[in-house]
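First the structure, in the form of structure tokens, and then the observations on it.
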Amino acid sequence: MYRVMIVDDEPLIREGLRTLIEWENYGFQVVAVARDGNDALARFDNAAPDLMVVDIRMPVMDGLQLIEAVRKRSIHTHFLILSGYSDFNYAKRAIQSKVDGYILKPIDEDELIQYLELIRIQLDKESVAALSVNHTSSQQFFSSDLRFGASEVTMESMDLTRYMQMLHYALDIGDKESVSLLIQEVGNDMAMTFRSEQLVKTNYIQLLVAITQKLLQAHPLLRSSEHKITEWISQIYDQTTFKSMQLLIHVQLCKIIDYMGFNQSDTLIKRILDMVQRNYRESLKLESLAEVFNYNSAYLGKLFKNHTGDSFHTYLDKVRIDKAKELLDEGLKVYQVAELVGYTNVDYFHTKFKKYVGKAPKAYQNE
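What follows is the structure, given as structure tokens:
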């Protein structure tokens, strides 16, 4: 059994995670819980966890600070991050810390299990074959497919969050051509940045798990294929060359597009409109969409306005405000509604709501 430590400042979540699943069924055993980062570090040596499930927001020492402190003691510990904040900024910080996964609260049992299955596979491989490769074996992995330049590239030079967003857009709209081009760009950038078979594979898996979780939530037709998706992502560990890994990822992402059941006759604008309806909570930008599909942003904006009568940002605001009205009708508080429809600033939400509805959110709700 692999050893697990749960770190969260909320007692109900700590104890809830203990009983959410049968950990032993997935090859894990909870050996310790901690109430904050300092408590976790005090228990670390005795607990010797293979996996730590860590809340990103804790007093005194937050989750990412804890991860940095643990890595000074052990380079082999794996991490799952818990967060109540569904935005790319937190995802970016977590990915840059090279964690194994990022789970939003409230915790979904199936999502947790999917991560555990992937982490168990990785731990098995590390135990049996010491997947952590040296410089020579890494060169064998890359040698026939890439030629590195003379200068080193730092990890910070690669924006994984940008790639997460762009691949998510391309997949959510069902554009195989854009997916193909992005996979080439992502893979080459990862290889040049990380220069290690293990780091490339680990970062790729983090990226793909985060994207597929978003797609699973937005596309009901995809959920019946969740087990297949988990299986093929784990196969990334088994690829012996960079080229075979890239081919596997490209083929499987195109299959995901097929699983989502797109109408291939839909225009790009129609697909973008559908994507906005599914992802209005996200920080959607026309410029990013234009980059994904190799359009000039001004030209794509003109196409969009000709089709809808609104600019992209106005259309997004209207979708968000319509959803906000539905949530206010259900009795949710104004600040809750603002966050749920994609506005991080309540005052800004108030201004937008009044602009499109003619009255403040609370006044609308009271009526």
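Numbering follows the working numbering, with no gaps: position 183 of the sequence shown is 174.
The beta carbon of each residue, even a glycine, is placed where N, CA and C say it ideally should be.
The structure displayed is predicted, hence computed values, not measured ones.
Asked                                                                                                                                                     : Found
For V58 versus S74, is the C-beta distance shorter than 9 Å?                                                                                              : Note that residue 58 is Ile in the sequence shown, not Val. Result no, Cβ atoms of I58 and S74 do not sit closer than 9 Å.
Would Y195 be called buried (16 or more neighbouring beta carbons within 10 Å of its own) or exposed?                                                     : buried
Give me the Cα-Cα distance between K324 and S256, rounded to the nearest whole angstrom.                                                                  : 41 Å
When you compare only the Cα positions, how much space is there between A38 and G18?                                                                      : 17 Å
Reducing DSSP to helix, strand and coil, say where G275 ends up.                                                                                          : Reading off the sequence shown, one finds Leu at residue 275, where the question assumed Gly. Looking at L275 - three-state DSSP - the assignment turns out to be coil, as it is neither helix nor strand.
Which one of K63, L55, R64 has the shortest CA to CA distance from L71?                                                                                   : L55
Roughly how many whole angstroms lie between the Cα atoms of F133 and Q189?                                                                               : 12 Å
Which residues bound the alpha helix (DSSP H) around H304?                                                                                                : 303 to 320
Measuring CB atoms only, is the region 165 to 185 touching the region 231 to 243, in the sense that at least three cross pairs come out at less than 8 Å? : yes
When we look at the beta-carbon of G333 and count the other beta-carbons within 10 Å, is it buried (16 or more) or exposed?                               : buried
Output the distance between the C-alpha atoms of H69 and S171, rounded to the nearest integer angstrom.                                                   : 30 Å
Within this structure, are the beta carbons of F253 and S169 separated by less than 9 Å?                                                                  : no
Should G300 go down as buried or exposed, given a rule of 16 or more other Cβ atoms within 10 Å for buried?                                               : exposed
With DSSP collapsed to three states, give me the class of K350.                                                                                           : coil
Just curious, the beta strand (DSSP E) that F19 is in, first and last residue?                                                                            : 19 to 25
Grouping DSSP H, G and I as helix and E and B as strand, with all else coil, what is G333?                                                                : coil
Quickly, what does DSSP pair V191 with across the bridge? List them, please.                                                                              : For V191, which the question treats as bridged, DSSP gives no partner whatsoever.
Whole angstroms are fine: how far does the CA of M266 sit from the CA of L277?                                                                            : 12 Å
Identify which residue in E100, L3, L109, I66 has its Cα closest to the Cα of Y228.                                                                       : L109
Determine the closest residue to G349 out of I312, E217, Y326, T335, with distance taken between C-alpha atoms.                                           : I312
If I measure Cβ to Cβ from S148 and keep anything under 7 Å in the same chain, skipping five residues before and after, which residues do I get?          : For S148, the pLDDT reaches just 49, beneath the cut-off of 50, and the residue's location in the model is therefore unreliable, leaving the point undetermined.
By Cβ distance below 6 Å, which residues in the same chain neighbour S216 in space, the five residues on each side in sequence not counted?               : Y250
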